[in-house]
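**Student:** Using the working numbering, the first residue of the sequence shown is number 48, and each one after it goes up by one.
By construction, the Cβ of each residue, glycine as well, lies at the ideal position given by its N, Cα and C atoms.
Here it is: the structure, laid out below.
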Amino acid sequence: RQSMALVNLAWSRRGFFWDGRSPTLREQALHPIIDTLEMDETLENVVRKLSASRLYRDQFIKAFGNDSVTPERIGIALEQFMFSLISAQSKYDRAVAGFTLLSESEERGRQLFLREFDPTYKRKGAECFHCHAPPFFTNDRFMNNGLDDDASFVDLGRELVTKSASDRAKFKVPTLRNIARTAPYMHDGRFSTLEEVVEFYNSGVRRSATVDPLMQFNLAPGLRLDERDKADLVAFLKTLTDDQFLTNPRHRMP
C-alpha cells in the first residue's frame with residue numbers, strides 16, 4: 048500500500064491506516080516501527096538506541112521530566128508530533144481568507160470540484176466534494192471508490208479489519224491537501240499523475256457490490272468532463288499545496 052499523508056490528523060476520528068486498523072494515532076505511530084515491510088525493528092531495540100543518544104535523552108527530559116525511554120512514551124511523542132502537523136496556508140486557504148485570488152482556471156476547477164453532476168439539466172460537476180469536502184478535503188470515512196470490479200479485488204481493505212463483506216475494498220478517504228506533492232495516488236499507488244486520477248473519476252470508475260452510492264454518476268458513461276474541465280480541476284488541486292507547511296523547519300530532525 049501507498050503511504051498516507053500525515054496532515055491535519057488531529058481532526059481524524061475514525062481509525063488510522065488505509066483500513067483503519069489502529070483506533071488511535073498513538074497506536075498507529077508504533078506500527079511502522081515493527082512492521083516487516085517498513086522499519087522491521089523491535090520496540091526494545093528502538094528504546095536501546097534512543098536511550099544511548101544524549102540528544103534524545105535530553106528531549107525526553109523536556110517532554111516527560113526524566114530521561115526514561117519507553118515504548119509508551121515513544122508513542123505519545125510521535126502522536127503529539129503528528130498532531131502538530133497542520134496544513135492551512137495553501138493558495139486555496141489564502142483565497143478563502145481574501146488575501147489572494149484564484150486564476151480563472153483554478154476558479155473554474157474549484158466550481159467543478161464543489162458541484163454535483165446533473166445529466167438531466169446538462170450541468171457539469173465533478174462530484175469531488177462529497178468525499179473531499181473543505182476545509183480538510185476528506186470526509187474521514189471508509190469508502191470503495193470504484194477502482195476495481197468484484198472480480199479484480201486484490202486488497203480487501205477495511206474488510207480485513209471488520210471481517211464484514213460489506214466493507215470489501217473500502218479504504219480511508221485521504222485528504223487532498225498537498226496532493227500535487229504526494230504522487231503516486233490511490234491506496235496502491237496505481238496512478239502517477241493528477242491527470243490520471245481525474246480521468247479515472249471522469250470515465251474509469253468500475254461497478255462492484257460495495258462501490259459507494261456517491262459514485263453513481265462516475266459509472267459509465269461517466270461525468271463527461273472535457274479536456275478543459277479536467278485541466279481546470281488539476282489546476283485547482285494544485286492550489287491545495289501548502290509550501291509553508293512543507294518547508295517548515297520545525298518538521299526537520301531535532
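Does the stretch 219-232 touch the stretch 257-272, meaning 3 or more C-beta pairs lie closer than 8 Å?
**Tutor:** Segments in contact, no.
**Student:** Where do the ends of the alpha helix (DSSP H) carrying residue 230 lie?
**Tutor:** In the sequence shown, counting from the first residue as 1, residue 230 sits at position 183. Per DSSP, residue 230 belongs to no alpha helix (DSSP H) and is neither H nor E.
**Student:** Kindly confirm or deny that the stretch 60-79 and the stretch 199-213 touch, where touching means at least three C-beta pairs closer than 8 Å.
**Tutor:** Segments in contact, yes.
**Student:** Taking three-plus beta-carbon pairs below 8 Å as touching, is the stretch 226-245 in contact with the stretch 138-152?
**Tutor:** No, they do not touch.
**Student:** Decide if residue 193 is buried, meaning its Cβ has at least 16 other Cβ atoms within 10 Å, or exposed.
**Tutor:** Counted from its first residue, the sequence shown places residue 193 at position 146. By the 10 Å Cβ count, residue 193 comes out buried.
**Student:** Express the C-alpha separation of residue 125 and residue 83 in angstroms, rounding to a whole number.
**Tutor:** Here residue 83 refers to the residue found at position 36 of the sequence shown. Here residue 125 refers to the residue found at position 78 of the sequence shown. Their backbone Cα atoms lie some 19 Å apart in a straight line.
**Student:** At what residue ranges does the stretch 96-159 contain a whole run of the alpha helix (DSSP H), taking only runs of 4 or more?
**Tutor:** DSSP runs (the alpha helix (DSSP H)) wholly in the stretch 96-159: 101-111, 118-130, 138-143.
**Student:** Between residue 171 and residue 161, how many whole angstroms is the CB-CB distance? I'm expecting something under 8 Å.
**Tutor:** Stepping through the sequence shown from its first residue, residue 171 is reached at position 124. Stepping through the sequence shown from its first residue, residue 161 is reached at position 114. With a Cβ gap of about 12 Å, residue 171 and residue 161 do not count as contacting.
**Student:** Is residue 298 buried or exposed, if buried means 16 or more other CB atoms sit within 10 Å of its CB?
**Tutor:** Numbered from 1 along the sequence shown, position 251 holds the residue referred to as residue 298. Residue 298 is exposed by the Cβ-count criterion.
**Student:** Can you tell me the Cβ-Cβ gap for residue 287 and residue 139, rounded? I've got them flagged as a contact below 8 Å.
**Tutor:** By 1-based counting over the sequence shown, the position of residue 287 is 240. By 1-based counting over the sequence shown, the position of residue 139 is 92. Contact holds; Cβ gap of about 5 Å.
**Student:** Residue range of the alpha helix (DSSP H) that residue 280 falls in?
**Tutor:** If you number the sequence shown from 1, residue 280 lands on position 233. Where residue 280 is concerned, the enclosing alpha helix (DSSP H) stretches over 274-285.
**Student:** Taking the CB atoms as reference points, tell me whether residue 196 and residue 253 lie closer together than 7 Å.
**Tutor:** Counting from one through the sequence shown, the residue named residue 196 turns up at place 149. Counting from one through the sequence shown, the residue named residue 253 turns up at place 206. Taking 7 Å as the Cβ cut-off, residue 196 and residue 253 qualify as a contacting pair.
**Student:** Going along the chain, which residues of its own chain have a beta-carbon closer than 7 Å to the beta-carbon of residue 108, five neighbours each way excluded?
**Tutor:** Position 61 of the sequence shown, counted from the start, is the residue given in the question as residue 108. Excluding residues within five positions, the ones whose Cβ falls inside 7 Å are 114.
**Student:** Considering Cα atoms alone, identify which of 291, 279, 137 is closest to residue 152.
**Tutor:** Position 105 of the sequence shown, counted from the start, is the residue given in the question as residue 152. Nearest C-alpha to residue 152: 279.
**Student:** Since residue 170 sits in a beta bridge, which residues does DSSP pair it with?
**Tutor:** To locate residue 170, count along the sequence shown from 1; it is residue 123. 165.
**Student:** Nearest CA to the CA of residue 80: which residue from 96, 296, 66, 67?
**Tutor:** Position 33 of the sequence shown holds residue 80. For the residues 96, 296, 66, 67, the minimum Cα distance to residue 80 belongs to 96.
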